[in-house]
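**Student:** This is the structure I want to talk about, given as structure tokens.
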């Protein structure tokens with residue numbers, strides 16, 4: 002763990018210079034921590050993949066989660082990603098295992114024929130296009146996803162932006178996901194959510210997090226927020242880790258046979 006007596010500007014500048022183009026949160030080891038959901042998404046997703054014939058992983062990121070499963074779908078596994086740096090890394094990681102990696106913005110459309118996949122999975126999608134998921138699922142097929150829930154880590158967001166209106170705090174609510182899935186013709190068979198303790202042990206961890214998850218504090222730059230970051234450094238020195246609550250929900254929906 003980083004010594005919190007270190008100079009705040011040194012920690013800030015170190016995090017500002019760290020590369021963030023691969024969604025590699027290993028830089029935060031010992032500097033931040035997040036409680037994991039009890040359902041164990043990667044394990045549960047891997048179990049479903051092992052039973053699938055043709056599967057699709059939407060917004061695979063750098064491919065690390067999919068690469069970690071013991072067995073892929075029996076006939077074919079496909080992954081999509083839209084961000085070029087992650088797409089390159091996902092292809093390098095997944096193609097040796099026989100996964101087809103395709104550039105696609107899954108928030109608007111999926112470049113596949115209807116009724117193709119008996120399993121579609123996605124971990125932390127930016128947006129879920131329920132009509133497209135319903136379209137590409139084969140009858141009887143399943144969509145299985147862990148998603149970021151409402152007001153996730155908003156203690157940190159509101160530290161920089163001030164109190165957020167109720168409509169903003171209500172975005173990404175699991176009840177809305179249920180309604181959208183049902184409107185697309187899917188049956189929701191599982192839906193659960195959890196609040197998860199998140200701790201930032203030094204101000205550099207906050208800088209790195211906000212540079213990576215860019216939609217949390219839109220337009221965040223170190224120089225624009227340096228006075229506030231210095232205040233946060235002093236707060237952590239005086240009171241210990243900055244604590245927030247992340248929200249996650251698990252949703253499983255099935256296309257009628």
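Residue numbers (my numbering): 2 to 258. We treat Cβ as the ideally placed atom computed from N, Cα and C, and that holds for glycine.
1) Hey, how far is the Cα of residue 106 from the Cα of residue 152?
2) Would the C-beta of residue 233 count as close to the ligand PLP, meaning under 6 angstroms from any of its heavy atoms?
3) DSSP beta-bridge partners for residue 237?
4) If I'm right that residue 207 touches residue 157 with Cβ under 8 angstroms, what's the distance once you round it to whole angstroms?
5) Classify residue 228 as buried or exposed, calling it buried when 16 or more other Cβ atoms lie within 10 Å of its own Cβ.
6) Between 54, 81 and 20, which lies nearest to residue 120 when the distance is taken from Cα to Cα?
7) Let me check understanding here. Comparing Cα to Cα, which of 116, 64 and 47 lies closest to residue 24?
8) Taking 7 angstroms as the cut-off, decide whether the C-beta atoms of residue 195 and residue 38 are in contact.
9) Rounded to a whole number of angstroms, what is the C-alpha to C-alpha distance between residue 176 and residue 10?
10) Is the CB-CB distance between residue 230 and residue 190 below 7 angstroms?
11) Leaving out the 5 sequence neighbours to the left and right, which residues in its chain are closer than 8 angstroms to residue 17 when beta-carbon positions are compared?
12) So residue 82 is in the beta strand (DSSP E); what residue range does that whole segment cover?
13) Would you mind sorting residue 216 into buried or exposed? The rule is 16 or more other CB atoms within 10 Å of its CB.
14) Can you say whether residue 1 is buried or exposed, counting buried as having 16 or more other CB atoms within 10 angstroms of its CB?
15) Return yes when the Cβ of residue 149 is within less than 7 angstroms of the Cβ of residue 174, no when it is not.
16) Quick check on residue 28: does DSSP put it in helix, strand or coil?
17) Start and end of the alpha helix (DSSP H) containing residue 219?
18) Run the CB neighbour count on residue 2, radius 10 Å, all protein chains shown included, and call it buried at 16 or more, exposed below.
19) Could you give the DSSP three-state label for residue 173: helix, strand or coil?
20) Looking at the strands, I want to know which residues DSSP matches up with residue 248.
21) Only counting the same chain, and skipping five residues up and downstream in sequence, which positions put a Cβ closer than 8 angstroms to that of residue 221?
**Tutor:** This is what the structure holds:
1) So the two alpha carbons sit approximately 24 angstroms from each other.
2) With respect to the ligand PLP, the structure shown offers nothing to examine, as it has no ligands at all.
3) Paired residue(s): none; residue 237 is not in a bridge.
4) Their Cβ separation, rounded to whole angstroms, is 7 angstroms, which keeps residue 207 and residue 157 in contact under 8 angstroms.
5) That one is exposed.
6) It is 54 whose Cα lies nearest to the Cα of residue 120.
7) Among 116, 64 and 47, the Cα nearest to that of residue 24 belongs to 64.
8) The answer is yes: Cβ separation under 7 angstroms.
9) Residue 176 and residue 10 have their C-alpha atoms spaced approximately 42 angstroms apart.
10) Contact: no.
11) Non-local C-beta neighbours of residue 17 in its own chain, meaning closer than 8 angstroms and more than five positions away in sequence, comprise 208, 212 and 223, ordered along the chain.
12) Start and end: 77-82.
13) It counts as exposed.
14) This structure gives no information on residue 1, because the portion of the chain shown stretches from 2 to 258.
15) Residue 174 is not a Cβ neighbour of residue 149, given a cutoff of 7 angstroms.
16) Looking at residue 28 - three-state DSSP - the assignment turns out to be helix.
17) It is not in any alpha helix (DSSP H) - residue 219 carries neither H nor E in the DSSP assignment.
18) A caution first: residue 2 carries a pLDDT of 45, below 50, which makes its placement in the model unreliable, though a value can still be read off. Counting Cβ neighbours within 10 Å, residue 2 comes out exposed, since fewer than 16 surround it.
19) Reduced to three states, the DSSP call for residue 173 is coil.
20) Residue pairing by DSSP places residue 248 opposite 196 in a beta bridge.
21) Listed in chain order, the non-local C-beta contacts of residue 221 below 8 angstroms within the same chain comprise 161, 211, 212 and 215, local neighbours out to five positions each way being set aside.
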